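Enquirer: Below you'll find the structure I mean.
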Amino acid sequence: MSGDPNAMIEITNLRSGQMLEPSMQPDRMPVVNPATAQTIATVPVGTAEEVDLAVAAAREAFSGWGGLPALERAGCLNRLANLIEANVDELARMETDDNGKPLALARDLEIPRAASNFRFFAGAILHAKSEAYDLGGMGLNYSLHRPRGVAACISPWNLPLYLFTWKIAPALATGNTVVAKPSEITPLTAFRLSQLAIDAGFPPGVFNVVHGRGDVVGQRLVEHPDVPTITFTGGTSTGARIAATAGPMFKRMSLELGGKNAVVICEDADLETAMPTIVRSCFQNQGEICTCSSRILVHRDRMKAFVSRFLDSVAGLKVGDPLDSETDLGPLVSADHREKVEAAIERAKAEGGTVACGGGRPSHLPDRVKDGFFLEPTVFMGLDQDCRTNQEEIFGPVVTIQGFDTHGEAVDRANATPYGLACSIWTRDLERAHRMAA
């Protein structure tokens, strides 16, 4: 990589163990730093033909990679983990420039977790087990776990390297080869990982990366007859389209989709202890995580006390330059996404919601980031359970607060959305916590 932090990066694909030359991919899209609104890189548009070439390379490499002893595959994964750790500062800065997340979050949590993904699966594959059933004189039945072939790994823009590696690592560890498509909005760390994978000694064709739009590159991967396995994290509507395409082809799929996650505050909750975690669960990474909490259900006996503490905590969050160590929330990932979240805020107002905190764009931003795609953390009250705001994923720093009278009502409300991803229950009564969680 260039030593000049201001140099324009020309992102290229990885195929057959080589980074392609930019001249081979002249059709390009801009990559924009959401904090500054400046173009920092260009990424290939991507074509179905490039997917076909990558799949062919992965298919050719499959028998050799899948036939290696698990210890040798684990060695490649561990070497890549070492390289991620050796380049953590560079990768963290790339992630922040690409996505807008606070630098401390990328450096201290997400990039180390990417390395941990490779280490975990490198270790796990060494302890993989098969099963056998002795039928006496009639025979011996046994089951073996075998790699399936080429795996398509399609990752989102919100946790770019962390979720990219979460898909790649288990596929590679178990002997599959990979054609990966990172988000075209945040491709920088995937590009850098491609270079590091070459340094780690992965055989040519084992790990391939094709950049481009989901409706072209992603679609071709999903429909390709030589790709039997698909893992995708992203929007529910996209997941439905993948299932509609891959289902009739009997492909194996892992789809991690949206969430509308609830926090339940019981009448005996320790608010002082709970508050930092609840605030973080709502607004970490600008609320752009599928497991972020977006609905808070509060027992009416504690409503006044909770709302006072919560709004004070949210008001104390710093929205600003993601390079500032004091920043809690950076910008949203793109101008388009901010507009979508702002439209959701206006819809919540139209549905009768009262803005208790936030609701707009922050003022008094530092000059470096004055044109960035920032939004205040926003809290609504007074919304009906069945309104769109409480039923649809917003994927931004927007939270609603509702009251409940009984624990059964709280459980019903927590479950009253099409999603089922995450929930937390805050109580001092362990028996109650288990009963409600069940």
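For reference, each letter of the sequence shown is one residue, going 1 to 438 in the numbering used here. For every residue, glycine included, the Cβ atom is placed at its ideal position computed from N, Cα and C. Owing to the predicted nature of the structure, the values given are computational and were not obtained by experimental measurement.
Output needed for R252: all residues of its chain with C-beta closer than 8 Å, excluding positions within five of it in sequence on either side, in chain order.
Expert: Counting from one through the sequence shown, the residue named residue 252 turns up at place 252. R148, P228, T229 and I230, listed in sequence order.
Enquirer: For the alpha helix (DSSP H) containing G501, list its first residue and its last residue.
Expert: Any question about residue 501 goes unanswered here, given that the chain covers just 1 to 438.
Enquirer: So V45 packs on M29, CB below 8 Å; how close in whole Å?
Expert: Residue numbering aside, residue 45 sits at position 45 when the sequence shown is read from its first letter. Residue numbering aside, residue 29 sits at position 29 when the sequence shown is read from its first letter. Yes, they are in contact, since the Cβ atoms of V45 and M29 sit about 6 Å apart, within 8 Å.
Enquirer: Can you give the Cα-Cα distance for M8 and M303, rounded to whole angstroms?
Expert: Within the sequence shown, the letter at position 8 stands for residue 8. Within the sequence shown, the letter at position 303 stands for residue 303. Cα to Cα, the separation comes out at about 51 Å.
Enquirer: CB-CB under 8 Å to L159, same chain, minus the five flanking residues each way: which ones, in chain order?
Expert: Position 159 of the sequence shown holds residue 159. Hits under 8 Å: E110, N285 and I289.
Enquirer: In whole angstroms, give me the CA-to-CA distance for K370 and T177.
Expert: Taking the first residue of the sequence shown as position 1, residue 370 is located at position 370. Taking the first residue of the sequence shown as position 1, residue 177 is located at position 177. Approximately 44 Å, taken between the alpha carbons.
Enquirer: First and last residue of the alpha helix (DSSP H) that includes E110?
Expert: For this step, residue 110 is matched to residue 110 along the sequence shown. Taken as a continuous stretch (DSSP letters only), E110 belongs to no alpha helix (DSSP H), as it is neither H nor E.
Enquirer: Helix, strand or coil: how does DSSP classify C387 here?
Expert: For this step, residue 387 is matched to residue 387 along the sequence shown. Note: C387 maps to coil in three-state DSSP.
Enquirer: The beta strand (DSSP E) that contains Y162, what's its start and end?
Expert: Numbered from its first residue, the sequence shown carries residue 162 at position 162. Element bounds for Y162: not the beta strand (DSSP E) but the alpha helix (DSSP H), P160 to A173.
Enquirer: Please tell me whether L383 and A348 are closer than 8 Å, where the distance is taken between their beta carbons.
Expert: Counting from 1 along the sequence shown, the entry for residue 383 is found at position 383. Counting from 1 along the sequence shown, the entry for residue 348 is found at position 348. Yes. Within cutoff.
Enquirer: My output table needs one value for A132: the three-state DSSP class, helix, strand or coil.
Expert: To locate residue 132, count along the sequence shown from 1; it is residue 132. Of the three classes helix, strand and coil, the one that applies to A132 here is strand, per DSSP.
Enquirer: Among residues of its own chain, excluding the 5 on either side of A422, which ones have a beta-carbon nearer than 7 Å to its beta-carbon?
Expert: On the sequence shown, residue 422 is found 422 positions in, with the first residue counted as 1. These residues qualify, in order along the chain: G259, N261 and T291.
Enquirer: Rounded to a whole number of angstroms, what is the C-alpha to C-alpha distance between R295 and A58?
Expert: To locate residue 295, count along the sequence shown from 1; it is residue 295. To locate residue 58, count along the sequence shown from 1; it is residue 58. The straight-line gap from Cα to Cα measures roughly 43 Å.
Enquirer: Would you call Q18 buried or exposed, if buried means 16 or more other Cβ atoms sit within 10 Å of its Cβ?
Expert: For the purposes of this step, residue 18 is taken as the residue at position 18 of the sequence shown. It is exposed - the Cβ of Q18 has fewer than 16 other Cβ atoms within 10 Å.
Enquirer: Going straight from the alpha carbon of L103 to that of T327, what length do you get?
Expert: Here residue 103 refers to the residue found at position 103 of the sequence shown. Here residue 327 refers to the residue found at position 327 of the sequence shown. One C-alpha to the other measures close to 9 Å.
Enquirer: Closest to P156 by C-alpha separation, out of L255, A124, R119 and M249, would be which residue?
Expert: Numbered from its first residue, the sequence shown carries residue 156 at position 156. Comparing Cα positions, the closest option is L255.
Enquirer: Please go through the same chain and pick out, in chain order, the residues whose beta-carbon is closer than 7 Å to the beta-carbon of L77, but skip the five residues on each side of it.
Expert: If you number the sequence shown from 1, residue 77 lands on position 77. Within the same chain, L77 has close Cβ partners F118, F121, A122, A169, L172 and A173.
Enquirer: Quick check: the Cα distance between L365 and A35, rounded to an integer number of angstroms?
Expert: On the sequence shown, residue 365 is found 365 positions in, with the first residue counted as 1. On the sequence shown, residue 35 is found 35 positions in, with the first residue counted as 1. For L365 and A35, the distance between alpha carbons rounds to 10 Å.
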